[in-house]
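Report on the following structure.
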Amino acid sequence: MNAVKGTALEGKPLSEIFGGISKQTDAVRNNGGGYYNHLFFWRNLGKGTSGPSGELSSALVKSFGSVDKFKEVFSTAAKTRFGSGWAWLYIGTDKNLAVTSSPNQDNPLMDISTVKGTPLLTLDVWEHAYYLKYQNKRPDYIDAFWNVVNWDEVNRRYQMALKG
32 MNAVKGTALE GKPLSEIFGG ISKQTDAVRN NGGGYYNHLF FWRNLGKGTS
82 GPSGELSSAL VKSFGSVDKF KEVFSTAAKT RFGSGWAWLY IGTDKNLAVT
132 SSPNQDNPLM DISTVKGTPL LTLDVWEHAY YLKYQNKRPD YIDAFWNVVN
182 WDEVNRRYQM ALKG
(Lines of atoms letter the chains of each structure in order from A and count residues from 1; the text may use other names and numbers.)
(Lines give C-alpha, C1' and ligand atoms only; values in the text may rest on other atoms or scores of the structure.)
Protein backbone atom coordinates (compact mmCIF):
# COMPACT_ATOMS: atom_id res chain seq x y z
CA MET A 1 0.00 0.00 0.00
CA ASN A 2 1.55 3.28 -1.10
CA ALA A 3 0.24 5.09 1.99
CA VAL A 4 2.74 3.21 4.20
CA LYS A 5 5.53 2.61 1.68
CA GLY A 6 8.84 3.77 3.09
CA THR A 7 7.40 4.42 6.58
CA ALA A 8 7.75 2.60 9.90
CA LEU A 9 4.33 1.05 9.17
CA GLU A 10 5.53 -0.84 6.10
CA GLY A 11 5.24 -4.58 6.67
CA LYS A 12 3.22 -4.29 9.87
CA PRO A 13 -0.05 -6.22 10.13
CA LEU A 14 -3.18 -4.17 9.52
CA SER A 15 -4.54 -5.11 12.95
CA GLU A 16 -1.51 -3.41 14.53
CA ILE A 17 -1.85 -0.36 12.28
CA PHE A 18 -5.58 -0.12 13.05
CA GLY A 19 -4.84 -0.18 16.78
CA GLY A 20 -3.16 3.21 16.36
CA ILE A 21 -5.06 4.53 13.35
CA SER A 22 -5.90 7.79 15.15
CA LYS A 23 -2.21 8.72 14.82
CA GLN A 24 -2.08 7.99 11.08
CA THR A 25 -2.98 9.93 7.96
CA ASP A 26 -6.39 9.78 6.30
CA ALA A 27 -4.73 7.89 3.43
CA VAL A 28 -3.62 5.11 5.78
CA ARG A 29 -7.03 4.99 7.47
CA ASN A 30 -9.07 5.01 4.26
CA ASN A 31 -6.86 2.82 2.08
CA GLY A 32 -6.02 0.35 4.85
CA GLY A 33 -9.63 0.19 6.00
CA GLY A 34 -10.94 -0.15 2.48
CA TYR A 35 -8.54 -2.96 1.67
CA TYR A 36 -9.21 -4.89 4.89
CA ASN A 37 -13.00 -4.39 4.90
CA HIS A 38 -13.45 -5.45 1.29
CA LEU A 39 -11.19 -8.48 1.61
CA PHE A 40 -13.08 -9.49 4.77
CA PHE A 41 -16.45 -8.93 3.07
CA TRP A 42 -15.63 -11.04 0.01
CA ARG A 43 -14.54 -13.93 2.23
CA ASN A 44 -18.01 -13.76 3.86
CA LEU A 45 -19.63 -14.75 0.62
CA GLY A 46 -20.10 -18.20 -0.81
CA LYS A 47 -22.72 -20.69 -1.74
CA GLY A 48 -24.65 -19.77 1.37
CA THR A 49 -24.22 -22.55 3.87
CA SER A 50 -27.18 -23.53 6.04
CA GLY A 51 -26.38 -21.20 8.89
CA PRO A 52 -24.26 -20.75 11.97
CA SER A 53 -23.44 -23.96 13.77
CA GLY A 54 -22.24 -25.21 17.12
CA GLU A 55 -20.78 -22.66 19.46
CA LEU A 56 -21.48 -19.72 17.17
CA SER A 57 -25.16 -20.61 16.95
CA SER A 58 -25.35 -20.93 20.75
CA ALA A 59 -23.54 -17.60 21.19
CA LEU A 60 -25.94 -15.85 18.79
CA VAL A 61 -28.91 -17.23 20.74
CA LYS A 62 -27.30 -16.13 24.03
CA SER A 63 -26.56 -12.61 22.75
CA PHE A 64 -29.67 -11.94 20.64
CA GLY A 65 -32.33 -14.46 21.71
CA SER A 66 -32.29 -16.35 18.39
CA VAL A 67 -30.42 -16.51 15.10
CA ASP A 68 -33.39 -14.81 13.40
CA LYS A 69 -33.29 -11.96 15.94
CA PHE A 70 -29.54 -11.57 15.26
CA LYS A 71 -30.26 -11.31 11.52
CA GLU A 72 -32.90 -8.67 12.26
CA VAL A 73 -30.50 -6.61 14.43
CA PHE A 74 -27.69 -6.93 11.87
CA SER A 75 -30.01 -6.02 8.99
CA THR A 76 -31.27 -2.98 10.90
CA ALA A 77 -27.68 -1.83 11.51
CA ALA A 78 -27.04 -2.13 7.76
CA LYS A 79 -30.29 -0.45 6.74
CA THR A 80 -29.88 2.48 9.12
CA ARG A 81 -26.20 3.23 8.43
CA PHE A 82 -26.41 6.76 7.05
CA GLY A 83 -24.46 7.11 3.84
CA SER A 84 -21.66 4.69 3.11
CA GLY A 85 -20.24 2.15 5.50
CA TRP A 86 -20.47 -1.32 6.94
CA ALA A 87 -22.53 -3.49 9.29
CA TRP A 88 -20.55 -5.79 11.58
CA LEU A 89 -21.03 -8.82 13.78
CA TYR A 90 -18.10 -8.83 16.15
CA ILE A 91 -16.92 -10.46 19.34
CA GLY A 92 -16.05 -7.96 22.03
CA THR A 93 -13.22 -8.13 24.52
CA ASP A 94 -15.78 -9.60 26.95
CA LYS A 95 -16.20 -12.54 24.49
CA ASN A 96 -19.85 -11.60 23.85
CA LEU A 97 -21.26 -11.06 20.38
CA ALA A 98 -22.57 -7.68 19.31
CA VAL A 99 -23.61 -5.81 16.18
CA THR A 100 -22.56 -2.35 15.10
CA SER A 101 -22.09 -0.32 11.96
CA SER A 102 -19.25 1.94 10.95
CA PRO A 103 -18.94 4.82 8.52
CA ASN A 104 -16.74 4.94 5.46
CA GLN A 105 -13.81 2.50 5.75
CA ASP A 106 -13.75 2.22 9.54
CA ASN A 107 -14.03 -1.07 11.44
CA PRO A 108 -14.10 -2.38 15.04
CA LEU A 109 -10.33 -3.02 15.04
CA MET A 110 -9.60 0.71 14.80
CA ASP A 111 -8.80 2.69 17.91
CA ILE A 112 -11.17 5.42 16.71
CA SER A 113 -14.13 3.03 16.65
CA THR A 114 -16.82 3.60 19.27
CA VAL A 115 -16.89 -0.20 19.75
CA LYS A 116 -13.87 -2.46 19.82
CA GLY A 117 -13.77 -6.10 18.89
CA THR A 118 -12.85 -8.82 16.47
CA PRO A 119 -14.98 -8.81 13.32
CA LEU A 120 -16.76 -12.02 12.38
CA LEU A 121 -19.13 -10.92 9.61
CA THR A 122 -19.55 -7.73 7.65
CA LEU A 123 -21.82 -6.30 4.99
CA ASP A 124 -20.72 -3.56 2.62
CA VAL A 125 -23.46 -0.92 2.47
CA TRP A 126 -21.70 1.46 0.14
CA GLU A 127 -23.87 2.10 -2.91
CA HIS A 128 -21.24 0.57 -5.18
CA ALA A 129 -21.93 -2.81 -3.55
CA TYR A 130 -25.55 -2.98 -4.63
CA TYR A 131 -26.49 -0.21 -7.05
CA LEU A 132 -26.17 -2.13 -10.32
CA LYS A 133 -28.57 -4.86 -9.26
CA TYR A 134 -30.68 -3.20 -6.56
CA GLN A 135 -30.51 0.51 -7.53
CA ASN A 136 -31.53 2.45 -4.42
CA LYS A 137 -33.16 -0.56 -2.72
CA ARG A 138 -30.64 -1.20 0.05
CA PRO A 139 -33.15 -3.28 2.08
CA ASP A 140 -33.56 -5.74 -0.83
CA TYR A 141 -29.78 -6.08 -1.08
CA ILE A 142 -29.52 -6.73 2.65
CA ASP A 143 -32.28 -9.35 2.54
CA ALA A 144 -30.50 -11.13 -0.34
CA PHE A 145 -27.21 -11.10 1.58
CA TRP A 146 -28.45 -13.84 3.91
CA ASN A 147 -28.66 -16.23 0.94
CA VAL A 148 -24.92 -16.03 0.26
CA VAL A 149 -23.32 -15.84 3.71
CA ASN A 150 -20.46 -18.30 4.04
CA TRP A 151 -21.30 -19.48 7.56
CA ASP A 152 -18.37 -21.91 7.51
CA GLU A 153 -16.04 -18.90 7.35
CA VAL A 154 -17.94 -17.02 10.06
CA ASN A 155 -17.87 -20.13 12.28
CA ARG A 156 -14.10 -20.42 11.68
CA ARG A 157 -13.55 -16.76 12.59
CA TYR A 158 -15.56 -17.21 15.76
CA GLN A 159 -13.43 -20.19 16.84
CA MET A 160 -10.25 -18.20 16.11
CA ALA A 161 -11.51 -15.20 18.09
CA LEU A 162 -12.27 -17.39 21.10
CA LYS A 163 -8.72 -18.72 21.05
CA GLY A 164 -6.98 -15.51 20.66
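Every number in the working numbering is 31 more than the matching position in the sequence shown, counting from 1. Note that the Cβ used here is the ideal one computed from N, Cα and C, for glycine as well.
Exercise. Between Lys78, Pro150, Gly50, Thr124, which lies nearest to His69 when the distance is taken from Cα to Cα?
Worked result: Distance from the Cα of His69 is smallest, within the candidate group Lys78, Pro150, Gly50, Thr124, for Pro150.
Problem set entry | Secondary structure of Asp142, DSSP reduced to three states | Coil at Asp142, not helix or strand.
Exercise. Can you round the beta-carbon distance between Arg112 and Val156 to whole angstroms, since I take them to be within the 8 Å contact cut?
Worked result: Cβ-Cβ separation between Arg112 and Val156: approximately 5 Å, consistent with a contact (criterion under 8 Å).
Exercise. Which first and last residues belong to the alpha helix (DSSP H) in which Leu193 is found?
Worked result: 182 to 194 is the extent of the alpha helix (DSSP H) around Leu193.
Exercise. From Phe95 to Asn181, what does the alpha carbon distance come to, in whole angstroms?
Worked result: The alpha-carbon of Phe95 is positioned some 20 Å away from that of Asn181.
For this session: Out of Ile122, Pro139, Leu120, point me to the one whose CA is closest to Ser46's CA.
Result: Scanning Ile122, Pro139, Leu120 for the CA closest to the CA of Ser46 turns up Pro139.
Exercise. Roughly how many angstroms lie between the CA atoms of Ile143 and Ala175, to the nearest whole one?
Worked result: Each residue's CA atom was taken as its position, placing Ile143 and Ala175 some 31 Å apart.
Problem set entry | CA nearest to the CA of Arg29, picked from Ser89, Arg188, Lys126, Ala90 | Nothing can be reported for residue 29: it is not among the residues displayed for the chain, which extend from 32 to 195.
Exercise. Thinking just about the alpha-carbon of each residue, which of Trp177, Gly123, Ser88 is nearest to the one in Ala192?
Worked result: Taking each of Trp177, Gly123, Ser88 in turn and checking the Cα distance to Ala192, the smallest one comes out for Gly123.
For this session: Look at Ala118 and Ala129 and say whether their C-beta atoms are less than 8 Å apart.
Result: Not a contact, by the Cβ cut-off of 8 Å.
For this session: Using 10 angstroms around the beta-carbon of Val179, count the other beta-carbons present and answer buried if the total reaches 16, otherwise exposed.
Result: Flag for Val179 reads exposed.
Exercise. Which one or two residues does DSSP pair with Ser132 in a beta bridge?
Worked result: Residue pairing by DSSP places Ser132 opposite Ala118 in a beta bridge.
Problem set entry | Met141 to Phe49 span [Cα, whole Å] | Cα to Cα, Met141 sits roughly 4 Å from Phe49.
Problem set entry | Where Asp174 falls: helix, strand or coil (DSSP) | Three-state result, Asp174: helix.
For this session: Would you mind sorting Asn186 into buried or exposed? The rule is 16 or more other CB atoms within 10 Å of its CB.
Result: With 16 or more Cβ atoms within 10 Å of its Cβ, Asn186 is classed as buried.
Exercise. In chain order, what residues of the same chain have a beta carbon less than 6 Å from the beta carbon of Ala58, not counting five sequence neighbours either side?
Worked result: Residues Ala34 of the same chain have their beta carbon placed closer than 6 Å to that of Ala58, with the five preceding and five following residues left out of the count.
For this session: Compare the C-alpha of Pro83 against each of Asn127, Tyr66, Phe72, Phe101 and name the closest.
Result: Comparing Cα positions, the closest option is Phe101.
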